[in-house]
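This report concerns only the one structure given below.
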Amino acid sequence: MREDSVSIGKSIVIKGDVSGCEDLTIEGQVEGRIQLRDHVLTVGPSAHVHAHVVAKSIVVVGQVTGNLTAYEKVDIRENGSVEGDVVAPRVAIADGAKFRGSIDMRPQDVSAATDGTVDGFKHDGKTPMPSGAPVSVGAD
Amino acid sequence: MLLSSRPGAQVLELGPAIGSNITFLGERFGCKIHVKDLYADLDRYANEAALHRLPEFLDGRFAEFGESIDAVLCWDVFDYLVPAAANVLAAALIQTLRPGGALLAFFGAGKLGEARYTRYLIEHGTHLRFRFSPGACCRQRVLENRDILRLFADLDLVDSVLLRSGVREVVFRKPGAH
């Protein structure tokens, strides 16, 4: 049975772009850009993500530095940490989560934030843009 | 109400991000919320025994906003600041407000020397519930009404209520267009 979800393990370090069409769970380190337009990104408890992320939904249990854009929801769980700007129609922040940045839940801003990323990502000046080769997740 | 009359209003939150507050401001009013959490900064400086450097840190802390903020939620952060830091913060916040923008603050929200923070939760859009969390920085002083007015002398006083608990709740507005 095939599961439409993959995982980046604790010992894995990726510097570059990650894109794909499956749900993704990160437990290791990712620096760069992550795009899962129709899927869910989960940043696991041991993960350190330094990236600009665009996804359908984003669940943060670990640490993220960078801007998050979601079409549906950003969910920062207890002990999750985000430093960056969040654009999503729904944002949930649990007790015990850490957040520093701005939150924009207006629908037009979600569109604007994602429209400009169809062929890539806008560089926000905060997120590092490493020169590593793109990494695809799943059957793209 | 200021926020309901301005879709997309920019709110500067000086406390931590609290889920119910974010939902209320973001989903109900469509506000853009900037979370700065000065209480976390207080903890950091207190743990480093560097509170004397707080005025330097606060100076220019909000310069990125220019004069664009519609509302500032200070909560009781001024209770934890020594006069030099309070003066710098007040000036910085006044600068960030657009003309007509509002500032909400509480004063005297706890005992002097108390090393815990009060978290304010907006409930049903009409009530505030509070709870406590441990903090590294103590309440420094309780400002008298005249001190509060002096601190925000460049703003118009809209409302000042002394609650039964002894907490003073104050709303200021920046003069100019509403």
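As they're listed, the protein sequences go chains D and G. Be aware that the first sequence starts at 1321, since it is given in my numbering, and climbs by one per residue. Be aware that the second sequence starts at 174, since it is given in my numbering, and climbs by one per residue. Note that beta-carbon positions come from the ideal geometry of N, C-alpha and C, so glycine has one too. Fair warning: this is a prediction, and the values are worked out from it, not measured in the lab.
1) Could you pull the DSSP bridge partners for Gln-313(G) from this structure?
2) Using a Cβ-Cβ distance cut-off of 9 Å, determine whether Glu-200(G) contacts chain D.
3) Apart from the five residues just before and just after Leu-285(G), which ones in its own chain have a Cβ nearer than 8 Å to its Cβ?
4) Return the CA-CA distance between Ala-239(G) and Asp-1324(D), expressed in angstroms with no decimal places.
5) Whose Cβ in chain D lies nearer than 7 Å to the Cβ of His-300(G)?
6) In chain G, which residues lie less than 8 Å from Ile-1287(D) when you measure between Cβ atoms?
7) Would you list, in sequence order, the uninterrupted beta strand (DSSP E) runs of no fewer than 3 residues that lie entirely inside the stretch 298-351 of chain G?
8) Taking 9 Å as the CB-CB limit, is Gly-1436(D) close to chain G?
9) Taking Pro-1365(D) as the reference, which of Ser-1327(D), Lys-1393(D) and Arg-1420(D) has the closest Cα?
10) Could you tell me the distance, in whole angstroms, from the CA atom of Ala-182(G) to the CA atom of Arg-289(G)?
11) Smallest Cα separation from Tyr-212(G): which of Pro-307(G), Val-261(G) and Arg-337(G)?
12) Would you tell me roughly how many angstroms separate the C-alpha atoms of Asp-232(G) and Leu-262(G), rounded to the nearest one?
13) Should Gly-181(G) be flagged as near chain D, meaning a C-beta pair shorter than 9 Å?
14) Since Val-208(G) meets chain D, which of its residues come closer than 8 Å, beta carbon to beta carbon?
15) Taking the alpha-carbon of Leu-270(G) as reference, which of Asp-329(G), Leu-301(G), Ile-195(G) and Gly-339(G) has the nearest alpha-carbon?
16) Mind listing, in chain order, the continuous alpha helix (DSSP H) runs of no fewer than 4 residues lying wholly within the stretch 194-278 of chain G?
17) At which residues does the beta strand (DSSP E) containing Ile-295(G) begin and terminate?
18) Use the C-beta contact count for Ile-1354(D): other C-beta atoms within 10 angstroms, 16 or more gives buried, fewer gives exposed.
19) Classify Gly-188(G) as helix, strand or coil using the three-state DSSP reduction.
20) Are the beta-carbon atoms belonging to Val-340(G) and Ala-282(G) less than 9 Å from one another?
21) So which residues on chain G does Arg-1426(D) lean against when the C-beta distance must stay under 9 Å?
22) Report the partner residues of Ala-1375(D) according to the DSSP bridge assignment.
23) Smallest Cα separation from Ile-267(G): which of Cys-247(G), Asp-252(G) and Tyr-253(G)?
Well, looking at it:
1) Translated into the one-based positions of the second sequence, residue 313(G) becomes position 140. Looking at the DSSP output, Gln-313(G) sits in no beta bridge, so it has no partner there.
2) For this step, residue 200(G) is matched to residue 27 along the second sequence. With its beta carbon less than 9 Å from one in chain D, Glu-200(G) belongs to the interface.
3) As a position in the second sequence, residue 285(G) is number 112, starting the count at 1. The answer, listed in chain order, is Cys-311, Arg-312, Gln-313, Arg-314 and Val-315.
4) Here the question's residue 239(G) lines up with position 66 in the second sequence. Here the question's residue 1324(D) lines up with position 4 in the first sequence. The amino acid at residue 239(G) is misidentified as Ala; the sequence shows Gly. Going by C-alpha positions, Gly-239(G) is about 46 Å away from Asp-1324(D).
5) One-based indexing of the second sequence puts residue 300(G) at position 127. In chain order: nothing, as chain D lies at least about 19 Å away.
6) Only positions 1321 to 1460 of chain D appear in this structure, which leaves residue 1287(D) out of reach.
7) If we require 3 residues or more, the beta strand (DSSP E) runs fully inside the stretch 298-351 of chain G come out as 300-307, 329-335 and 341-346.
8) If you number the first sequence from 1, residue 1436(D) lands on position 116. Per-residue confidence for Gly-1436(D) stands at a pLDDT of 47, beneath the threshold of 50, marking its modelled position as unreliable; no derived number is given.
9) The count along the first sequence starts at 1 and reaches residue 1365(D) at position 45. For Pro-1365(D), the nearest C-alpha among the options comes from Ser-1327(D).
10) To locate residue 182(G), count along the second sequence from 1; it is residue 9. To locate residue 289(G), count along the second sequence from 1; it is residue 116. Between Ala-182(G) and Arg-289(G), the C-alpha separation is close to 31 Å.
11) Within the second sequence, residue 212(G) is the residue found at index 39, counting from 1. The candidate whose alpha carbon is nearest that of Tyr-212(G) is Pro-307(G).
12) Taking the second sequence and counting its residues from 1, the one referred to as residue 232(G) is at position 59. Taking the second sequence and counting its residues from 1, the one referred to as residue 262(G) is at position 89. When rounded, the separation of the alpha-carbon atoms in Asp-232(G) and Leu-262(G) is 7 Å.
13) Locating residue 181(G) in the second sequence gives position 8, counting from the first residue. Interface with chain D (9 Å Cβ-Cβ cutoff): Gly-181(G) is included.
14) The residue labelled residue 208(G) in the question sits at position 35 within the second sequence. By Cβ distance, chain D contributes Phe-1419, Arg-1420, Gly-1421, Ser-1422 and Ile-1423.
15) Residue numbering aside, residue 270(G) sits at position 97 when the second sequence is read from its first letter. It is Asp-329(G).
16) Look at the stretch 194-278 of chain G and you find these whole runs of alpha helix (DSSP H), each 4 residues long or longer: 211-220, 227-231 and 256-269.
17) Position 122 of the second sequence, counted from the first residue, corresponds to residue 295(G). Its beta strand (DSSP E) spans residues 289-296.
18) Along the first sequence, read from residue 1 onward, the residue named residue 1354(D) stands at position 34. It is buried - the Cβ of Ile-1354(D) has at least 16 other Cβ atoms within 10 Å.
19) Along the second sequence, read from residue 1 onward, the residue named residue 188(G) stands at position 15. Residue state, collapsed to three classes: coil.
20) Against the second sequence, residue 340(G) aligns to sequence position 167. Against the second sequence, residue 282(G) aligns to sequence position 109. Yes.
21) To locate residue 1426(D), count along the first sequence from 1; it is residue 106. What Arg-1426(D) touches in chain G: Pro-180, Gly-181, Gly-199, Gly-203, Cys-204 and Lys-205.
22) Within the first sequence, the letter at position 55 stands for residue 1375(D). According to DSSP, Ala-1375(D) bridges with Leu-1356(D) and Ala-1390(D).
23) Indexing the second sequence from 1 puts residue 267(G) at position 94. Of Cys-247(G), Asp-252(G) and Tyr-253(G), the residue nearest in Cα terms is Cys-247(G).
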